[in-house]
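Asks: If you count the sequence shown from 1, position 138 lands on 437 in my numbering, and the numbers rise without skipping.
C-beta: ideal position from N, C-alpha, C; glycine also.
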Amino acid sequence: MRSTTAAFPLSDYRDQFPEVCRQKFGRSYNFARLEKRLEPLRTGQRWLVARDVLTIFDPEHTPLRRYWPIPPEKELDRALKQRLYLGPLKSQQDPQLLVEQLLVVFHNIGVVSIVLRFVHPQQFAIFSTPVAHLLMVHGATAVEAYLAFCEELRAWQQHFGLASVAETEMALWTYDQIVRHSDDAAQVERARGAFERDLWVQRRRAAQVLRPFLRSYGPLELARILLEEDANLAGKIAAEEYERLLSAAARKYFRQALASRKGAVLGLLDALAREGHITAAERVELQRIWEIRNKAVHAGTRPTPEEVEVMIDWIESICSHWE
């Protein structure tokens, strides 16, 4: 569902693509006509041949030869002798297999993306650096990065109601060209502001950056990673983990939930020390950690980075076995 706070008019940039091409390349291009011409490859009526690649890179059809090198026709003929069919795509595994097969032929993920973009515009797009930067996608390998790029474009396509993954990339490329190269400062400010204020857009971008960390690290590890960047945020993350482990200790050792009343935590620490689950010295440190926790979670106070680091160290050393 489209967010009511969305402010970024991505479809408008799709409509501006021809004009931006005229300004940048001196002419516009009819990509839809080229997609139609390559339909037999999409449906599997014939295999990929050198002339298809040369057609895609023909300056009459696209400006892509300016940015990506292509092998000579004879070299392409030799590389494509194995009769590589590009369609139809029938399963979820097909896209990855297709990318890997083409990478063996072209040895360049950018060239692979261009061929696939015109043969299968619904599923693939040109793997352009500016758009990848906007999306903030990553991958361990070139193939993984490109597939993640297309998958993320699919989400943007569906959210903004565009026709294809390829069209979505075109719209984002157009936006990037305008904000980086337009002489109209007011236009640039409006465009960039709309992009930065769109809550859905920024959530998607933040997820691309944060997801690998959230999946790979626990709360205390995350807190330690964030410590130098934002000690207060690191403190909040560590504080929540401390509360969770205190609740776990109450259940494990006393078979009851940790009460929410004031003083319940200090009472729990007293009980843990009395029953021999922590030492008297650890009891003192854990109370100090609770005071640092209060600084992190209550408005008007902030723990220092040194305090948060001590907090993380003590939670790890004393509390980690409570669950």
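1) For residue 380, which three-state DSSP category applies?
2) Going by Cα to Cα distance, which pick from 316, 419 and 401 is closest to residue 336?
3) How big is the Cα-Cα spacing for residue 600 and residue 475?
4) Go through its chain and collect everything with a Cβ distance to residue 591's Cβ below 6 Å, but skip five positions before and after it.
5) Using the Cα positions of residue 532 and residue 619, report the straight-line distance between them to the nearest angstrom.
6) What residue from 375, 384 and 421 has the CA that sits closest to residue 406's CA?
7) Helix, strand or coil for residue 458 per DSSP?
8) Would you please state the rounded distance, in angstroms, between the beta carbons of residue 470 and residue 309? I believe it to be under 8 Å.
9) From the DSSP output, in three-state form, read off residue 368 for me.
10) Which value, in whole angstroms, describes the spacing of the CA atoms of residue 429 and residue 473?
11) Checking 8 Å against the spacing of the C-beta atoms, do residue 613 and residue 585 come in under that value?
12) Can you list, in chain order, the stretches of the alpha helix (DSSP H) that have 4 or more residues and sit fully within the segment 450-534?
13) By Cβ distance below 8 Å, which residues in the same chain neighbour residue 464 in space, the five residues on each side in sequence not counted?
14) Quick check on DSSP: helix, strand or coil for residue 547?
15) Would you please state the rounded distance, in angstroms, between the beta carbons of residue 519 and residue 615? I believe it to be under 8 Å.
16) Give me the Cβ distance between residue 346 and residue 410, rounded to the nearest whole Å; I'm assuming they're in contact under 8 Å.
17) Enumerate in chain order the residues of its own chain whose CB-to-CB distance from residue 413 is below 7 Å, with the five nearest sequence positions on each side excluded.
18) If you draw a straight line from the C-alpha of residue 361 to the C-alpha of residue 608, how long is it?
19) Going straight from the alpha carbon of residue 558 to that of residue 314, what length do you get?
20) Is residue 428 helix, strand or coil when you go by DSSP?
21) Alpha carbons only, please: which of 622, 431, 621 and 312 is nearest the one belonging to residue 461?
Replies: Checking against the coordinates, here is how it stands:
1) In the sequence shown, residue 380 corresponds to position 81, counting from 1. It is coil, neither helix nor strand.
2) Numbered from 1 along the sequence shown, position 37 holds the residue referred to as residue 336. Nearest to residue 336 by C-alpha distance, out of 316, 419 and 401, is 419.
3) The residue labelled residue 600 in the question sits at position 301 within the sequence shown. The residue labelled residue 475 in the question sits at position 176 within the sequence shown. Computed Cα separation, rounded: 41 Å.
4) Taking the first residue of the sequence shown as 1, we reach residue 591 at position 292. Around residue 591: 602, 606 and 610.
5) Working through the sequence shown from its first residue, we reach residue 532 at position 233. Working through the sequence shown from its first residue, we reach residue 619 at position 320. A straight-line Cα-Cα distance of about 21 Å links residue 532 and residue 619.
6) Here the question's residue 406 lines up with position 107 in the sequence shown. Among 375, 384 and 421, the Cα nearest to that of residue 406 belongs to 375.
7) In the sequence shown, residue 458 corresponds to position 159, counting from 1. Per DSSP, reduced to three states, the secondary structure at residue 458 is helical.
8) Taking the first residue of the sequence shown as position 1, residue 470 is located at position 171. Taking the first residue of the sequence shown as position 1, residue 309 is located at position 10. The Cβ separation is near 5 Å, so the contact holds.
9) In the sequence shown, counting from the first residue as 1, residue 368 sits at position 69. Coil.
10) Here residue 429 corresponds to residue number 130 of the sequence shown, with the count starting at 1. Here residue 473 corresponds to residue number 174 of the sequence shown, with the count starting at 1. Distance between residue 429 and residue 473, taken at the CA atoms: about 10 Å.
11) To locate residue 613, count along the sequence shown from 1; it is residue 314. To locate residue 585, count along the sequence shown from 1; it is residue 286. Result yes, Cβ atoms of residue 613 and residue 585 sit closer than 8 Å.
12) If one requires a minimum length of 4 residues, the alpha helix (DSSP H) runs lying completely within the segment 450-534 are 464-480, 484-496, 498-515 and 518-525, in chain order.
13) Taking the first residue of the sequence shown as position 1, residue 464 is located at position 165. So the qualifying residues of the chain are 420, 421, 422, 423, 424, 449, 452, 453 and 456.
14) Start at 1 with the first residue of the sequence shown, and residue 547 comes out as number 248. Helix at residue 547.
15) Here residue 519 is taken as the residue at index 220 of the sequence shown, counted from 1. Here residue 615 is taken as the residue at index 316 of the sequence shown, counted from 1. 6 Å between Cβ atoms; contact.
16) Position 47 of the sequence shown, counting from 1, holds the residue named residue 346. Position 111 of the sequence shown, counting from 1, holds the residue named residue 410. Going by Cβ atoms, the distance from residue 346 to residue 410 rounds to 17 Å, so no, they are not a contact pair.
17) On the sequence shown, residue 413 is found 114 positions in, with the first residue counted as 1. These residues qualify, in order along the chain: 355, 363, 367 and 425.
18) Here residue 361 refers to the residue found at position 62 of the sequence shown. Here residue 608 refers to the residue found at position 309 of the sequence shown. Each residue's alpha carbon lies about 55 Å from the other.
19) Position 259 of the sequence shown holds residue 558. Position 15 of the sequence shown holds residue 314. Distance between the alpha carbons of residue 558 and residue 314: 59 Å.
20) The residue labelled residue 428 in the question sits at position 129 within the sequence shown. When secondary structure is reduced to three states using DSSP, residue 428 falls in the helix class.
21) Working through the sequence shown from its first residue, we reach residue 461 at position 162. Taking each of 622, 431, 621 and 312 in turn and checking the Cα distance to residue 461, the smallest one comes out for 312.
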